[in-house]
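Read through the structure below, which is laid out as structure tokens, and then see the notes.
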Amino acid sequence: MHPLILYGVPFSQPVRAVMWLLLLKKMPFDLVLTNPGSKGDNGSRHPDFLAKHPAGTIPCLEERETGFTLGEAHAIMTYLARTHGWEDVYPSTPQAQARIDAYLHYHHRNIREASVGLVAPSIRKDLNIPDAVQQAARKTLGAALTVFDQSMLSEQAYLCGDSVTLADLAAYVEIGQLQGQYTNVFDFSAYPNVRRWLSTMQQVGGHDTVHVVLAELGDISQTAPDMDQIRGANIKALQALKLSLSAL
Ligand SMILES: N[C@@H](CCC(=O)N[C@@H](CS)C(=O)NCC(=O)O)C(=O)O
Numbered sequence: 002m003h004p005l006i007l008y009g010v011p012f013s014q015p016v017r018a019v020m021w022l023l024l025l026k027k028m029p030f031d032l033v034l035t036n037p038g039s040k041g042d043n044g045s046r047h048p049d050f051l052a053k054h055p056a057g058t059i060p061c062l063e064e065r066e067t068g069f070t071l072g073e074a075h076a077i078m079t080y081l082a083r084t085h086g087w088e089d090v091y092p093s094t095p096q097a098q099a100r101i102d103a104y105l106h107y108h109h110r111n112i113r114e115a116s117v118g119l120v121a122p123s124i125r126k127d128l129n130i131p132d133a134v135q136q137a138a139r140k141t142l143g144a145a146l147t148v149f150d151q152s153m154l155s156e157q158a159y160l161c162g163d164s165v166t167l168a169d170l171a172a173y174v175e176i177g178q179l180q181g182q183y184t185n186v187f188d189f190s191a192y193p194n195v196r197r198w199l200s201t202m203q204q205v206g207g208h209d210t211v212h213v214v215l216a217e218l219g220d221i222s223q224t225a226p227d228m229d230q231i232r233g234a235n236i237k238a239l240q241a242l243k244l245s246l247s248a249l
């Protein structure tokens, strides 16, 4: 069997979600470094990449055997789970699957938008993103985490039940990156059940490898990292990934 190809960089949250799923399921893959937004060689806006995924965003999956290509992290994850029968993370029963799908749809305008709104101003201080953007993101995330804390995570260990699913992987790559040991841009003290879930997720296979990039980058709440630091963190993450893949 030929390994799958995943286009992206470890610094990208949706790329991390797909990488995590593949590592968790011990599915070999090659990560082809693709710079988000770049029109240059190996860029996500280069015509060669656009031929695979016209939206020009990472991640993108390619199956060597069939030539099939697919963009959008959640579409990739559900496709992989369906085609490989990974029912532990994406059950085939319609209602259980629908709950996970509901989270995956909800995610984009809530968790994803809020986490980008919190992290982007700290990473790109040069863009002078107005404080109002970060404040709105904090409010959106707070409202979402209140729902998680008081409903789903007050009754069960994970977002969609008592075992880890695609919903948790998708959610954690955004929410988890905000923790003190990583970018340190959000205070989770008001959300005890979310904090418990964050620690539980750290035990899920593949977590540490996928998060090397953030551990390397460290706290960005006060000082924005420069491009060299981001590049260096991606390189360290790639080395860790290679090591994990060689042990599969
Ligand atoms: N909804 C997409 C979002 C992907 C996305 O925003 N990727 C960013 C990197 S984190 C990207 O490729 N940006 C480059 C661009 O938009 O040109 C998914 O979940 O796959």
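Throughout the sequence shown, residue numbering follows this note's numbering, covering 2 to 249 in sequence.
The C-beta atom is built at its ideal place from N, Cα and C for all residues, glycine as well.
Note that the structure is a prediction, hence the values are computed from the model and not measured.
Taking C-beta atoms as the reference points, L128 and F187 fail to come closer than 8 Å. Within its own chain, the residues whose Cβ lies closer than 7 Å to the Cβ of P29, once the five positions on either side in sequence are excluded, are P4, L246, L249, listed in chain order. By the neighbour-count criterion, in which 16 or more other beta carbons inside 10 Å mark a residue as buried, K53 falls on the buried side. The Cβ atoms of A97 and G72 lie no closer than 8 Å to each other.
Collapsing the DSSP output to three states places Y173 in a helix. For secondary structure counted as the alpha helix (DSSP H) over 4 or more consecutive residues, the stretch 73-158 holds these complete runs in sequence order: 74-85, 95-108, 114-124, 132-151, 153-156. Beta-bridge annotation (DSSP): T70 is paired with E63.
The three-state reading of DSSP puts V16 in helix, counting H, G and I together. DSSP places F30 in the strand class (E or B) of the three-state scheme.
In its chain, beyond the 5 residues on either side, A74, L170, A171, V174 have a beta carbon closer than 6 Å to the beta carbon of A18.
Counted as a single uninterrupted DSSP element, the alpha helix (DSSP H) harbouring L239 occupies residues 228-247. Not one heavy atom of ligand 1 is found less than 7 Å from the C-beta of T70. Between M20 and V211, the beta carbon gap of about 5 Å places them in contact (Cβ cut-off 8 Å). Here DSSP, grouped into helix, strand and coil, assigns L160 to coil. A distance below 7 Å between beta-carbons, with the five flanking residues on each side excluded, links M202 to the following residues of its chain, in chain order: D169, Y173, G177, H208. Annotated three-state conformation of N36 is strand, per DSSP.
Boundaries of the alpha helix (DSSP H) around L199: 193-202. Near ligand 1, residues with a Cβ at less than 7 Å from any of the ligand's heavy atoms are S13, Q14, P15, V16, P37, G38, S45, R46, G57, T58, I59, P60, G72, E73, A74, H75, H109; the list follows chain order.
Closest by C-alpha distance to A234, out of V90, V165, T184, L51, is T184. One alpha carbon belongs to L199, the other to G143, and they sit about 15 Å apart. By the Cβ-count criterion, P60 is buried, with 16 or more other Cβ atoms from all chains shown falling within 10 Å of its own Cβ. With respect to N43, L51 sits apart: the two C-beta atoms are not nearer than 8 Å.
Between the C-alpha atoms of A225 and F12 there is a straight-line separation of about 15 Å.
Relative to H85, the option among Q204, M153, L23, H108 whose CA is nearest is L23. It is roughly 8 Å from the alpha-carbon of P37 to the alpha-carbon of V10.
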